[in-house]
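Asker: The opening residue of the sequence shown carries number 656 in my numbering; numbering runs sequentially from there.
Sharing a structure below in structure tokens format, with a few things to ask.
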Amino acid sequence: MPKVSSITRVLEIIEKISYAPKPISPLELSQELDIPKPTIHRLIQNLVDEGFVAVDIGGGIIPGKRVRNLSVALWQQRQFFNEREVILQKLVEDIQETCGIGIPYHMNMVYTNRVTTSLPLQIYLPVGSKSPMWCTATGKLYLSQLSASSRRKMLSNLTLNKFTKNTIIDIDALNTELDHIAKTGVGVDNEEFISEMVAVSVPILDKKSRYLASLYVHAPTVRVSLDELLAHVPRLQTAAQDIQALVYELQS
Numbered sequence: 656m657p658k659v660s661s662i663t664r665v666l667e668i669i670e671k672i673s674y675a676p677k678p679i680s681p682l683e684l685s686q687e688l689d690i691p692k693p694t695i696h697r698l699i700q701n702l703v704d705e706g707f708v709a710v711d712i713g714g715g716i717i718p719g720k721r722v723r724n725l726s727v728a729l730w731q732q733r734q735f736f737n738e739r740e741v742i743l744q745k746l747v748e749d750i751q752e753t754c755g756i757g758i759p760y761h762m763n764m765v766y767t768n769r770v771t772t773s774l775p776l777q778i779y780l781p782v783g784s785k786s787p788m789w790c791t792a793t794g795k796l797y798l799s800q801l802s803a804s805s806r807r808k809m810l811s812n813l814t815l816n817k818f819t820k821n822t823i824i825d826i827d828a829l830n831t832e833l834d835h836i837a838k839t840g841v842g843v844d845n846e847e848f849i850s851e852m853v854a855v856s857v858p859i860l861d862k863k864s865r866y867l868a869s870l871y872v873h874a875p876t877v878r879v880s881l882d883e884l885l886a887h888v889p890r891l892q893t894a895a896q897d898i899q900a901l902v903y904e905l906q907s
């Protein structure tokens, strides 16, 4: 068997951690990658020191700041950004409301793409804006996709501020809402983040059906009701599949 280089081992560790659905232990990494325990601990410590991976409160290994920054940078590469914009532009022409994409980053959702409606009344949430997870259609959809333990850890680290009278800040009520979203696959914001704004979202998935991002549409309630937005879910899902096809090309 040919000798595996240290560089290959490091990249395999980063890849395994990035793909893991939950924090992974050094022992699991050692067993799955067939790397001796002393070596895996040494390599992990080097990666922690350099910011590529981090250790969570339970001792599991998770992607670090540099890996997260790299993932966002790759997602925003001009070629793929422009191809997503074309899909979003057609979606907005069909729906006649602002649509975009949000991805989880740290403890927030970040808007990476956005195409605005031509109608005069709009909500200003440009590309690069950060929004809370527990009261937005994009964020609630992301939280609903997490395992029970990961969701519990995430919610315990969030400060559930009340933005509007509709914001759900009770943990039990929020978990009930997230369970419902997990079943329907549709994130909903019923004036929970911004008063007089409603939004819905659907997931963008990778080849292994893992959550990557949320495709959303939002609108002022003076023009559109939540039920009217929900009627556009099939069209959103079609656009999400078109964006997924772009992702599959990257993963081929």
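Backbone N, C-alpha and C define an ideal beta-carbon position, used for all residues, glycine too.
Just so you know, these numbers come straight off a predicted model, no measurement behind them.
1) Does the Cβ of Lys795 have 16 or more other Cβ atoms within 10 Å, making it buried, or fewer, making it exposed?
2) With contact counted as at least three CB pairs below 8 Å, one residue from each stretch, are the stretch 857 to 874 and the stretch 818 to 825 in contact?
3) Is it buried or exposed for Ser802, if we count other Cβ within 10 angstroms and need 16 for buried?
4) Leaving aside the five residues before and after Glu740 along the sequence, list all residues of the same chain whose C-beta is less than 7 Å from its C-beta, in chain order.
5) Would a C-beta distance cut-off of 7 Å place Leu798 and Met788 closer than the cut-off?
6) Within the same chain, show all residues whose beta-carbon is closer than 8 Å to that of Leu702, passing over the 5 residues directly before and after it, in chain order.
7) Given this structure, state the Cα-to-Cα distance separating Ser786 from Val747, to the nearest angstrom.
8) Less than 6 Å separating the Cβ of Asn768 from some heavy atom of the ligand HEM?
9) How long is the line joining the alpha carbons of Ser804 and Val857, rounded to whole angstroms?
10) One question on the structure: do Gly715 and Ser680 come within less than 7 Å of each other, judged by their Cβ atoms?
11) Of all the beta strand (DSSP E) runs that stay within the bounds of the stretch 740 to 823, which reach a length of 3 or more residues?
12) Label Thr839 either buried or exposed according to how many other C-beta atoms from any shown protein chain fall within 10 Å of its C-beta, with 16 as the threshold for buried.
13) Is Ile859 near Ala828, with beta carbons less than 7 Å apart?
14) Where are the alpha helix (DSSP H) runs, 4 residues long or more, that stay fully inside the stretch 825 to 897, in chain order?
15) Where does Gln700 land, buried or exposed, given buried means 16+ other C-beta within 10 angstroms?
16) What does DSSP give as the partner residue(s) for Ala709 in the beta ladder?
17) If you reduce the DSSP assignment to three classes, tell me which class Ile690 lands in.
18) Given Ile717, which residues of its chain have a CB within under 6 Å of its CB, disregarding the five upstream and five downstream residues?
19) Can you give me the start and stop residues for the alpha helix (DSSP H) that Ile669 sits inside?
20) Give the single residue among Lys817, Arg807, Pro889 whose Cα lies nearest to the Cα of Thr831.
21) For Ile695, tell me which candidate among Thr819, Leu833, Glu683 has the shortest Cα-Cα distance.
22) Give me the DSSP bridge partner(s) of Ile679.
Answerer: Working from what's here:
1) buried
2) no
3) exposed
4) Asn768, Val770
5) yes
6) Val665, Ile668, Ile669, Val708, Gly719
7) 21 Å
8) Absent from the structure shown: the ligand HEM. Ligands present: none.
9) 23 Å
10) yes
11) 753 to 760, 763 to 770
12) exposed
13) no
14) 826 to 839, 881 to 885
15) exposed
16) Ile717
17) coil
18) Pro678, Ala709, Asp711
19) 661 to 674
20) Arg807
21) Glu683
22) Ile716
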